Every structure is written in C-alpha cells, then in structure tokens.
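First up is the structure itself, then whatever we jot down about it.
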Amino acid sequence: MRWLKFNAVGVLGMIVQLGSLGFLIHVLGMHYLLATALAVEAAVLHNFLWHRRWTWADRQGVDVPAWGVLLLRFNLTTGLISIAGNLAFMSVLAGAAGLEPVVANLLSIGLCSVINFLVCDHFVFLPPALPEGSAGRENLPRD
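Residue numbers (our numbering): 111 to 253.
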C-alpha cells in the first residue's frame with residue numbers, strides 16, 4: 111500500500127515539477143538545467159509534505175525526528191538523488207539527444223523514483239524505535 115501512496119504523491123509531484131519546468135523555461139526563458147534544478151526542488155518540497163503526512167504517517171512517534179530534521183534528511187537524500195539524477199539525465203536526454211526538455215524530464219523522473227522510495231523507506235521515514243527489551247523491528251507489521 112505504501113508503494114501506491116508513494117506513487118500517487120509522485121504523480122502530483124511530477125505535475126508540480128513539469129509545470130514548474132515548463133513555466134521557468136517557456137515563460138521566464140530560463141536555461142533548462144537551472145530550470146530543472148529549481149523545478150525538482152519544488153517537487154521535493156511538495157513530496158516531503160505529502161509523504162510525511164500521508165505516505166509515512168504511521169511512522170510518527172515521540173522518538174521520530176522533528177520536521178526540520180526530516181526535511182533536511184529528505185533533501186540531502188532524495189532531493190540530491192532527484193536533482194543530480196535529473197540534471198545528469200537532462201544533460202544526456204535534452205542536451206546530447208536533443209529531446210524536448212519537458213519530455214526528457216518526464217523520463218528522468220521515472221529513472222529516479224525507485225531509488226527515492228527505497229531511501230525514504232529505509233533511511234528518512236524510519237519506524238519509531240521499539241522500547242528497550244522488546245523484539246526487533248523484524249516483528250513490525252509490513253507495509
């Protein structure tokens with residue numbers, strides 16, 4: 111179920127990213143690589159809010175880091191993966207291959223999504239720690 115939620119948020123984030131990219135390039139006339147970095151960060155912030163409140167809402171406990179810490183961890187992992195991955199793929203797809211930037215960015219998003227899910231699930235939104243002396247995390251319900 112979490113994978114479906116992740117992808118639902120991802121689709122909305124993709125709309126934010128592609129809309130931002132199109133606006134920055136076609137309306138403001140920004141270079142496609144700078145526009146890509148800004149559009150990806152807009153989607154990263156959007157996705158963080160939804161993932162925290164919906165996708166991983168069950169992983170909120172007293173020992174879960176504060177919003178600022180989670181946002182920093184999210185940005186330093188999935189944000190960097192998304193920005194670096196999108197910039198690299200955009201350089202190849204839009205720059206070298208000559209694809210239209212919005213189409214190239216759509217392909218780039220897909221290539222980064224699986225890695226981002228794994229990073230979120232296993233590093234950013236960890237389940238709350240179990241009390242001392244209880245069974246390990248392997249006994250927690252699976253998503």
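Glycine is no exception: its CB is placed at the ideal position from the N, C-alpha and C atoms.
As the structure is a computational prediction, the values presented were derived from the model and not from experiment.
Taking the C-beta atoms as reference points, leucine 217 is found nearer than 8 Å to leucine 203. In the structure shown, the three-state DSSP call for alanine 176 is coil. By the Cβ rule, the stretch 194-209 does not count as touching the stretch 157-172, because fewer than three pairs are nearer than 8 Å. In the three-state scheme derived from DSSP, where H, G and I count as helix and E and B as strand, proline 238 is classed as coil. Residue environment: leucine 180 is assigned as buried (16 or more neighbouring CB atoms within 10 Å of its CB, all protein chains considered). Tryptophan 166 sits in coil when the DSSP states are folded into three classes, being neither helix nor strand. The Cβ-Cβ distance between asparagine 196 and cysteine 230 does not fall below 8 Å. Closest option to alanine 147, judged by alpha-carbon separation, among Phe233, Phe235, Asn215, Val137: Asn215. With respect to the 8 Å criterion, alanine 145 and leucine 131 are classified as neighbours on the basis of their beta carbons. Secondary structure note for threonine 187: it is in no alpha helix (DSSP H), with a DSSP letter that is neither H nor E. Your pair valine 154 and threonine 187 does not check out as a contact, with CB atoms roughly 10 Å apart and the cut at 8 Å. Assignment of methionine 124 by DSSP, reduced to helix, strand and coil, places it in the helix class. Judged by their CB atoms, phenylalanine 233 and tryptophan 166 are not nearer to each other than the 8 Å cut-off.
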